[in-house]
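Counting from 1 along the sequence shown, just add 164 to a position and that's the residue number in the working numbering.
Quick reminder that beta carbons are idealized off the backbone N, C-alpha and C, glycines included.
These numbers were taken from a predicted model, which means no experiment stands behind them.
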Amino acid sequence: MTVPIYQIGEDFAAAMDAQDPLAHFRERFFFPKTKTGNECLYLCGHSLGLQPKTARSYSEQALHDWAEFGVEGHFHAKEPWVPYHRLLTRQTAVLVGADPVEVVTMNSLTANLHLMMASFYRPTSQRHKILVERGAFPSDQYAVNSQIRFHGFDPSTSLIELTPRDGESCMRDVDVESLIEREGASIALILLGGVNYATGQVFDMAEITKAGHRKGCVVGFDLAHAAGNIPLQLHDWGPDFAVWCTYKYLNGGPGCIGGCFVHERHARAWKLPRFAGWWGHDEEVRFQMGPEFHPMPGAEGWQLSNPPIMALGPLRASLEIFSEAGIERLRAKSRSLTGYMEFLLDQKASPKFSVITPREGHRRGAQLSIRLAHGGRKICEKLANEGVIGDWREPDTFRVAAVPLYNSYQDVYRFAQRFEAVL
Ligand SMILES: Cc1ncc(COP(=O)(O)O)c(C=O)c1O
């Protein structure tokens, strides 16, 4: 893709917006307002995506059908509830580069992570370690530590953390691969974020999967910050599983139901241990209420419960917008927008801040993580009071993301101006 030659004036931002073929998607989302009633400068889609204007109608349809049909809505609602989750399957599969049989929308991220580890973390005395990135999102750390203990091992000897070199914030690909090469024989599971939540670094998931499998490790990814942010090719890259949430770049709404990928090679792995529930049971005979569990093939066989229909509606609305826009076009705009933000911040270079996200476009998504030398929390709060919404991560990082579905070049320009002023 050709990277535009950025210019410093606001005219450049206005001209870029005028020629942006995706600019009109902004109108499809609600923007929060400041106390004075102006639209916020919202750069927080890496934390909670905005509400698609069509979200309400889907949730209202579910409420309407519930009122109209009661329990019969499972079969007679406008979109019957029993197969409702499948309305999301094809679009989800396209977004993460999977076959439909490999994906399902269910539960929440951490719950899915545990379900996946119940099946795919099978430690032995020789091979019991889990490889994670240092400073992985706390929920992942708690989950892996508790799984290690659950199997009678000790995190102090069964957890390996990938660590950046001294003085660096991000991991080098070559270090990841050499660690896998060195330690792989004792690693049962490699579990990394596809995009690191703190730095915004994108991991080379294809190479990590290859390296892990060469050494006999199971490979899984937490795609909370990757799904809807960068194009993914999960089927071809070949990890064993992946999990993600849908309330960040996927705009499903707070606490929205999560996503899960299980590679096709495990679709009929009936002997794989799993924690079962009736919604994962063969749907042809589910309502015969028999005592024996026969899982459905593919990711659907890991479902536990019937899904919350009202929560699926907003996600469905958002996925429809994604299919119209197309993840490749979104990625091209995203690289350009984030590059523009970096360019403007470079113009304002100061010892008071540094961007810790990788500078290479292919090694980051929409997010830039800005390390603030002093008083970062106050700076972040002051910006928020002015309606400039990013978020603060202890101890020193301010995260912002220009999301290509609804952010503009002028948003980025105004952010850089406000950031400099508050700094
Ligand atoms: C990388 C990552 N993993 C896990 C979680 C936890 O997600 P959930 O609360 O949906 O389980 C989050 C939430 O922000 C996250 O960013």
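Backbone secondary structure at residue i - three-state DSSP
i	result
Ala-566	coil
Gly-416	coil
Thr-363	coil
Gln-531	strand
Gln-171	coil
Val-235	helix
Gly-358	coil
Val-519	strand
Met-165	With a pLDDT of only 48 at Met-165, under the threshold of 50, the placement of this residue in the model should not be trusted; the figure read from the coordinates follows. Of the three classes helix, strand and coil, the one that applies to Met-165 here is coil, per DSSP.
Lys-546	helix
Glu-341	helix
Ser-514	strand
Trp-556	strand
Thr-198	coil
Thr-256	helix
Phe-579	helix
Phe-457	coil
Nearest neighbour of residue i, chosen from the options [CA to CA]
i	options	result
Phe-194	Asn-393, Ile-169, Arg-220	Arg-220
Tyr-411	Cys-208, Ala-585, Arg-329, Tyr-170	Cys-208
Phe-579	Phe-457, Glu-174, Val-366	Glu-174
Thr-502	Gly-419, Gly-525, Asp-339, Phe-517	Gly-525
Pro-328	Asp-560, Gly-299, Ser-303	Gly-299
Gly-441	Met-474, Val-308, Asn-271	Asn-271
Ser-122	Ile-169, Ala-177, Phe-189	Absent from the model: residue 122. The displayed extent of the chain is 165 to 587, so no value can be given.
Glu-545	Cys-409, Leu-587, Asp-330	Leu-587
Gly-529	Pro-515, Ser-514, Arg-563, Arg-557	Arg-563
Gln-255	Phe-176, Ile-485, Arg-582, Lys-497	Ile-485
Gly-465	Thr-269, Gly-454, Lys-199	Thr-269
Thr-288	Ser-303, Tyr-306, Phe-314	Phe-314
Length of the line joining the Cα atoms of residue i and residue j
i	j	result
Val-576	Gly-316	50 Å
Glu-203	Leu-396	32 Å
Leu-277	Thr-521	26 Å
Ser-310	Phe-439	16 Å
Ile-172	Gly-201	29 Å
Ala-349	Pro-247	42 Å
Met-280	Ala-463	10 Å
Glu-249	Arg-192	According to the sequence as given, residue 249 is His; it is not Glu. About 23 Å.
Met-165	Leu-494	For Met-165, the pLDDT reaches just 48, beneath the cut-off of 50, and the residue's location in the model is therefore unreliable, although a value from the coordinates is still provided. Computed Cα separation, rounded: 12 Å.
His-377	Val-383	7 Å
Phe-176	Tyr-285	51 Å
Leu-295	Phe-367	14 Å
Asn-470	Ala-388	23 Å
Phe-517	Met-335	20 Å
Leu-186	Ser-498	11 Å
Lys-435	Ala-257	25 Å
Pro-319	Arg-557	25 Å
Leu-355	Ile-491	25 Å
Leu-273	Phe-301	12 Å
Val-308	Ile-169	44 Å
Gly-417	Met-505	26 Å
Asn-231	Gly-444	Per the sequence shown, the amino acid found at residue 231 is Ala instead of Asn. Distance between the alpha carbons of Ala-231 and Gly-444 is about 27 Å.
Glu-488	Ala-565	21 Å
Ser-283	Ala-433	10 Å
CB of residue i within 7 Å of CB of residue j, strictly
i	j	result
Gln-574	Asp-184	no
Gly-551	Leu-212	no
Phe-425	Leu-398	yes
Glu-456	Glu-266	no
Cys-381	Ile-351	yes
Val-519	Leu-532	yes
Ile-344	Ala-375	yes
Leu-214	Tyr-570	yes
Leu-326	Glu-347	no
Pro-244	Thr-253	no
Leu-251	Arg-450	no
Ser-223	Gly-477	yes
Trp-408	Gly-423	yes
Lys-242	Asp-229	yes
Pro-403	Thr-373	yes
Residue i: CB within 6 Å of a non-hydrogen atom of ligand 2
i	result
Leu-273	Ligands in the displayed structure: ligand 1; ligand 2 is not one of them.
Length at least 3, wholly inside the stretch 268 to 324: the beta strand (DSSP E) runs in chain order:
List check, beta strand (DSSP E) in window: 293 to 297.
Which parts of the stretch 369 to 452 are runs of the beta strand (DSSP E), unbroken and 3 residues or longer, counting only runs that do not cross its ends?
The stretch 369 to 452 contains these whole beta strand (DSSP E) runs: 382 to 386, 405 to 408, 422 to 426.
Alpha helix (DSSP H) runs contained entirely in the stretch 463 to 502, provided each spans 4 or more residues
Here the runs fully enclosed are 473 to 489.
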